[in-house]
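Inspection log for the structure reproduced underneath, given as structure tokens.
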Amino acid sequence: RRQAYGPDDSTKQRNDYSPIHERSYSTSSRRMPSQNQSSLTDGIGSKLMKKHGWQEGQGLGKKLQGRSNPV
Numbered sequence: 001r002r003q004a005y006g007p008d009d010s011t012k013q014r015n016d017y018s019p020i021h022e023r024s025y026s027t028s029s030r031r032m033p034s035q036n037q038s039s040l041t042d043g044i045g046s047k048l049m050k051k052h053g054w055q056e057g058q059g060l061g062k063k064l065q066g067r068s069n070p071v
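Residues in the sequence shown are numbered from 1 upward in steps of one, following UniProt numbering.
Written out as structure tokens, the structure is:
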């Protein structure tokens, strides 16, 4: 098809560089989400773990030796 009719106009537009498509990735505009302790312990994961016997403050693992703080 390209030999008979030439290149498509749509491919030409995709290859053109335009500063409109440029994005600013400055770190000053990004904010880390602020999460308090209660929002971390009210999630679906903690509810599921509580159903299986986990209690707040316990570590994870067979001997409760693992991480005890929410990630």
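All residues carry an ideal CB built from backbone N, CA and C; glycine is no exception.
- For L64, no alpha helix (DSSP H) encloses it, and the DSSP letter there is neither H nor E.
- A distance below 8 Å separates the beta carbons of L60 and G66.
- Counting along the chain, no alpha helix (DSSP H) covers R1, and no H or E run does either.
- Counted as a single uninterrupted DSSP element, the alpha helix (DSSP H) harbouring G45 occupies residues 44-51.
- The C-beta distance from G57 to S46 rounds to 12 Å, too long to fall under 8 Å, and the pair is not in contact.
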